[in-house]
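Protein chains in written order, with the numbering used here: chain Y, 892 to 1141; chain D, 12 to 413.
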């Protein structure tokens, strides 16, 4: 389970002064559910997800992931999280197998178990054809599969996906979406940020709309549809964020 | 707490990637291995050939005046290494343009002054720094030296005086220092200097690749999302940079030793000159130099990692680190200057102190108090730099600088 409690992050910028990237964001995601974090570019999605993955430390507030506090026990949190984003690249000079094994070892998996697990994942994701090929020689689709294998090797109960399909072709994006759906079926708690509403429709049980660092709306997809009297998710976002945009323009 | 298992895993992975990088092979293995033999053997052979050729050349020399001194002019014309060319007014220009090698000005009434016992000055004009011109001038000067000696002996014999009256005693210099100390003084400074400089240059590329390079390739976020602690991550990376730094230095020293051996035994030099190139270095001396350089290598690896981590891209890191080479070169070169000797204050100056003490060690002198002081001080600097590197890896503003 993931529980964000008043998560806030401020950055210092020499020119712009203090930037409030995330302000008092709270939400919960249960095992076997997908929580979709929606918002425009620069809304604070990536910062929120990075705090949950303990890559960034919150300025205020905290989050609890599988019973571990992100501030107090970041390494234990990371051991329970699989994090995948368009920014998480692969080591170009390692082979697909070496890369997955490296992350397995860093997660403390012993060698016999690691071997079994790597074989199992490579079979499941149909990766045996390129297991010994260097990552810089892989196609985009192969790279994404290797990234997925990397996040799965320690079988984490929590998965965090930050715009995982951005810039990918249809077939590769489809592999990722199927994989996320598969993770939910296996009972993992999943947080997922995206710009693509069809993905939200297909995957998300719960949705949070974030703008200017603040969580403006939070609920299940049917709840939000009922509240804003709109079926189209895009229209719902416009209804939530639109008034704020008008205020800031005025 | 440091998890040594994880540090080892990171180190092994970094080593695998490093060894698969062609640029690594060039900068760490090929360049240090080949640079010295090519430079040393190539340069010395070329110099030997060039100098030999210049020495053998018959120098074109012009005589200025001398119309009233046919005797000396005739003798000059008989010197086999000199080709006397007719006088022209633009002799200065012709020397500068290397048409003639030198000009010699015979003072007015030189021949008659000699018979009357008057001392006049003969001037030789040449192109300073131009080796063929210097050889030409030397030939002329040698002629006049010999001519003066013959005048002196004829004057002495005319007065029935023995020739040793003008040379009542001889002076001769003789080396008593053992050969290892001779080569130590000549090359000792160079050995320490090379180890220091190469342990720095060998660390630059991996330090950039493992920090700014990772940021640029997008793998930094991948590794930060693993349960690995940042302390273990930086230590694993640090060990790889240190390995690269030391292996560059070791390979370069092997190559330098081979080059000196080849040059010293090539027969291209006189025995006296070649002795300087024959390093009489024992294994303990080389080991001591590396031991002294180890804290410095740690210092370099940590400082380079810290600075390169701060950079957003490979190029930015390169522009920060390249000028640092000068920071290392200046004190290392200073130690090679004559008269720069160890004292308690200098022993606290990083790089300079190590370079100085290496010079002493290679020459067979072990100042234990200085050795301990330098080891201690440079270890303190190294530990501080490593501590800063670890702290930097924990700062979000550095890791995610944009």
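Positions of the beta carbon are idealized from the N, C-alpha and C atoms, including for glycine.
These figures come from a predicted structure and were not determined experimentally.
Sequence-distant residues of the same chain with beta carbon closer than 6 Å to residue i, five excluded per side
| i | result |
| --- | --- |
| residue 313 (chain D) | 396, 397 and 400 |
| residue 1057 (chain Y) | 977 |
| residue 321 (chain D) | 409 |
| residue 329 (chain D) | none |
| residue 306 (chain D) | 389, 390 and 393 |
| residue 1119 (chain Y) | 1127 and 1130 |
Cβ shell of residue i (< 7 Å), same chain only, five flanking positions each side left out
| i | result |
| --- | --- |
| residue 381 (chain D) | 353, 358 and 368 |
| residue 1079 (chain Y) | 922, 1048, 1049 and 1050 |
| residue 339 (chain D) | 207, 208, 211 and 362 |
| residue 910 (chain Y) | 901, 902 and 904 |
| residue 956 (chain Y) | 893, 943, 968, 971, 972 and 1049 |
| residue 74 (chain D) | 84, 87, 95, 98, 115 and 117 |
| residue 1016 (chain Y) | 1036, 1039 and 1040 |
| residue 1112 (chain Y) | 1095 and 1098 |
| residue 897 (chain Y) | 915, 917, 951 and 952 |
Closer than 7 Å at the beta carbon, the chain Y residues around residue i
| i | result |
| --- | --- |
| residue 239 (chain D) | 997 |
| residue 28 (chain D) | 982, 984 and 985 |
| residue 13 (chain D) | Under the 7 Å cutoff, chain Y gives no residues; its nearest Cβ is about 13 Å from residue 13 (chain D). |
| residue 31 (chain D) | 984 |
| residue 39 (chain D) | The premise fails here: residue 39 (chain D) is roughly 15 Å from chain Y at the closest Cβ pair, so nothing lies under 7 Å. |
Buried versus exposed, by CB contacts within 10 Å (16 or more), residue i
| i | result |
| --- | --- |
| residue 240 (chain D) | buried |
| residue 60 (chain D) | exposed |
| residue 188 (chain D) | exposed |
| residue 971 (chain Y) | buried |
| residue 41 (chain D) | exposed |
| residue 66 (chain D) | exposed |
| residue 80 (chain D) | buried |
| residue 13 (chain D) | exposed |
| residue 913 (chain Y) | buried |
| residue 349 (chain D) | exposed |
| residue 1122 (chain Y) | exposed |
| residue 294 (chain D) | exposed |
| residue 939 (chain Y) | buried |
| residue 29 (chain D) | buried |
| residue 2 (chain D) | Since the displayed chain D opens at 12 and closes at 413, residue 2 (chain D) lies outside it and no answer follows. |
| residue 1167 (chain Y) | With chain Y covering 892 to 1141 only, the question about residue 1167 (chain Y) has no answer from this structure. |
| residue 108 (chain D) | exposed |
| residue 163 (chain D) | exposed |
| residue 72 (chain D) | buried |
| residue 62 (chain D) | exposed |
| residue 1075 (chain Y) | buried |
| residue 247 (chain D) | buried |
8 Å Cβ shell around residue i - same chain, five flanking residues per side excluded
| i | result |
| --- | --- |
| residue 1026 (chain Y) | 981, 982, 983, 984, 985, 986, 987, 990, 1034 and 1037 |
| residue 176 (chain D) | 167 |
| residue 158 (chain D) | 83 and 86 |
| residue 255 (chain D) | 29, 35, 39, 213, 214, 216 and 217 |
| residue 173 (chain D) | 167 |
Proximal chain D residues relative to residue i, where beta-carbon distance stays under 7 Å
| i | result |
| --- | --- |
| residue 1048 (chain Y) | Simply none; closest approach about 14 Å. |
| residue 944 (chain Y) | 236 |
| residue 1206 (chain Y) | Any question about residue 1206 (chain Y) goes unanswered here, given that chain Y covers just 892 to 1141. |
Proximal residues of chain Y, C-beta to C-beta of residue i below 9 Å
| i | result |
| --- | --- |
| residue 17 (chain D) | 996, 997 and 999 |
| residue 20 (chain D) | 993, 996 and 997 |
Contact set between residue i and chain D, taken where Cβ atoms lie within less than 8 Å
| i | result |
| --- | --- |
| residue 947 (chain Y) | 407 and 411 |
Residues that residue i contacts on chain Y, provided the C-beta gap is smaller than 8 Å
| i | result |
| --- | --- |
| residue 323 (chain D) | Within chain Y, no residue comes near residue 323 (chain D); the closest Cβ sits about 14 Å away, beyond 8 Å. |
| residue 110 (chain D) | By Cβ distance, chain Y contributes nothing, its closest Cβ being about 60 Å from residue 110 (chain D), past 8 Å. |
Chain D residues whose Cβ lies nearer than 9 Å to that of residue i
| i | result |
| --- | --- |
| residue 1145 (chain Y) | The structure shown does not extend to residue 1145 (chain Y), since chain Y spans only 892 to 1141, so no value can be given for it. |
Item to complete: At 4 residues or longer, and completely inside the segment 42-74 of chain D: list those alpha helix (DSSP H) runs for me, N to C.
Response: Within the segment 42-74 of chain D, the runs of alpha helix (DSSP H) at least 4 residues long that lie entirely inside it are, in chain order, 42-47 and 53-67.
Worksheet entry | Minimum length 3: unbroken beta strand (DSSP E) runs contained in the segment 63-140 of chain D | List check, beta strand (DSSP E) in window: 70-76, 93-96, 113-117 and 134-137.
Discussion item. Taking beta-carbon pairs under 9 Å, can you tell me which members of the segment 1023-1056 of chain Y lie near chain D?
Written reply: So the close ones are 1025, 1038, 1041, 1042, 1045 and 1051.
Discussion item. Residues of the segment 973-999 of chain Y in Cβ contact with chain D at a cutoff of 8 Å, in chain order, please.
Written reply: Closer than 8 Å at the C-beta level to chain D, one finds these residues of the segment 973-999 of chain Y: 974, 976, 978, 979, 980, 981, 982, 983, 984, 985, 989, 993, 994, 996, 997, 998 and 999.
Item to complete: Residues of the segment 216-228 of chain D with a CB closer than 7 Å to any CB of chain Y: list them in chain order, please.
Response: Of all residues in the segment 216-228 of chain D, only 228 come within less than 7 Å of chain Y when Cβ atoms are compared, listed by chain position.
Item to complete: Could you pull out every unbroken alpha helix (DSSP H) segment of at least 4 residues lying fully inside the segment 933-1007 of chain Y, listed in chain order?
Response: As far as the segment 933-1007 of chain Y is concerned, its whole alpha helix (DSSP H) runs of at least 4 residues are 936-943, 965-970 and 987-997.
Worksheet item: Can you give, in chain order, each stretch of the beta strand (DSSP E) that sits fully within the segment 1050-1097 of chain Y and has at least 3 residues?
Response: Listed in chain order, the beta strand (DSSP E) runs fully inside the segment 1050-1097 of chain Y are 1080-1085, counting runs of at least 3 residues.
Fill in: Complete runs of the alpha helix (DSSP H) confined to the segment 345-376 of chain D [at least 4 residues]
Counting whole runs of 4 or more residues, the segment 345-376 of chain D contains the alpha helix (DSSP H) stretches 363-373.
Discussion item. Threshold first: 4 residues or longer. Then list the alpha helix (DSSP H) segments lying entirely within the segment 1021-1052 of chain Y, N to C.
Written reply: For the segment 1021-1052 of chain Y, whole alpha helix (DSSP H) runs of length 4 or above, ordered along the chain, are 1031-1043.
Worksheet entry | In chain order, each beta strand (DSSP E) run of at least 3 residues that lies wholly inside the segment 203-232 of chain D | Segments of the beta strand (DSSP E) lying fully in the segment 203-232 of chain D: there are none.
Practice prompt. Output, in sequence order along the chain, the residues in the segment 348-362 of chain D whose CB is closer than 7 Å to any CB in chain Y.
Written response: Of all residues in the segment 348-362 of chain D, none has a Cβ within less than 7 Å of some Cβ in chain Y.
Worksheet item: Mind listing which residues of the segment 909-929 of chain Y have their C-beta closer than 9 Å to chain D's C-betas, in chain order?
Response: For the segment 909-929 of chain Y, the set of residues with a beta-carbon nearer than 9 Å to any beta-carbon of chain D is empty.
Item to complete: Note down, in chain order, all residues in the segment 64-98 of chain D with a beta-carbon under 8 Å from any beta-carbon belonging to chain Y.
Response: So the list is empty, because no residue satisfies the distance condition.
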